[in-house]
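To keep things clear, I will list the structure first and then write my remarks on it.
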Amino acid sequence: MRLIDFFPEASISVKNAASSWQEAIDFCMDPLLRHGIVNEDYVKAIKESTENNGPYYILVPGVALPHARPECGALKTGLSLTLLKNEVHFGENNEPVRLLIGLAASDSNAHIGAIQSLSELLCEDEHLSALLEASTEQQLTDIISRV
9 MRLIDFFPEA SISVKNAASS WQEAIDFCMD PLLRHGIVNE DYVKAIKEST
59 ENNGPYYILV PGVALPHARP ECGALKTGLS LTLLKNEVHF GENNEPVRLL
109 IGLAASDSNA HIGAIQSLSE LLCEDEHLSA LLEASTEQQL TDIISRV
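Given below as structure tokens:
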């Protein structure tokens, strides 16, 4: 399965800005909610976990992978991607984030393929730079489709 196959229709978006990290999570998780991949409890669990534990899901500077445990409301496995033109700050250290990749996995094994493909994408500096420099949903889709 290719990385792009984990993204349901209209789950890749570019937004100008988020007023808070909570709104950034909402932007990122909204497509997964609309497609029935997660429920409201899942989004709530991400926010509560962030408040209690900090943004543990920041993978590399500027990139976050918000997620929660499958039993928190992940109904299927899927990914979403939101690129913010203006960064939003997470946690006590005000870590700047521009790229959010929402992850939902229906069980602890279902997301392994997605994570492997995602790490291939993010480990390549040229791919990561291209994602952060993209200005349209189509550009983001094209970059993800190459992995």
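Each position in the sequence shown, counted from 1, maps to that position plus 8 in our numbering. Even glycine gets a Cβ: it sits at the ideal position worked out from N, Cα and C.
Given this structure, state the Cα-to-Cα distance separating residue i from residue j, to the nearest angstrom.
i	j	result
residue 15	residue 152	10 angstroms
residue 89	residue 101	23 angstroms
residue 114	residue 17	19 angstroms
residue 80	residue 116	12 angstroms
residue 52	residue 155	31 angstroms
residue 148	residue 40	17 angstroms
residue 58	residue 28	13 angstroms
residue 108	residue 11	15 angstroms
residue 95	residue 9	31 angstroms
residue 67	residue 130	9 angstroms
residue 56	residue 76	10 angstroms
residue 48	residue 92	22 angstroms
Less than 9 angstroms between the C-beta atoms of residue i and residue j, yes or no?
i	j	result
residue 110	residue 87	yes
residue 33	residue 112	no
residue 122	residue 78	no
residue 98	residue 62	yes
residue 22	residue 137	no
residue 20	residue 145	yes
Exposed or buried, residue i, counting other C-beta atoms within 10 Å across all chains shown (16 or more means buried)?
i	result
residue 158	Any property of residue 158 remains undetermined from this structure, which presents the chain solely from 9 to 155.
residue 82	buried
residue 69	exposed
residue 25	exposed
residue 37	buried
residue 64	exposed
residue 125	buried
State the DSSP-derived secondary structure class of residue i, mapped to helix, strand or coil.
i	result
residue 108	strand
residue 55	helix
residue 86	strand
residue 15	coil
residue 132	coil
residue 103	strand
Looking only at DSSP bridge pairs, what is residue i linked to?
i	result
residue 23	92
residue 68	71
residue 155	DSSP, once it has assigned bridges, lists no residue as partnering residue 155.
residue 97	104
Is any heavy atom of the ligand SAH found at a distance shorter than 8 angstroms from the C-beta of residue i?
i	result
residue 47	This structure does not include the ligand SAH; it has no bound ligands of any sort.
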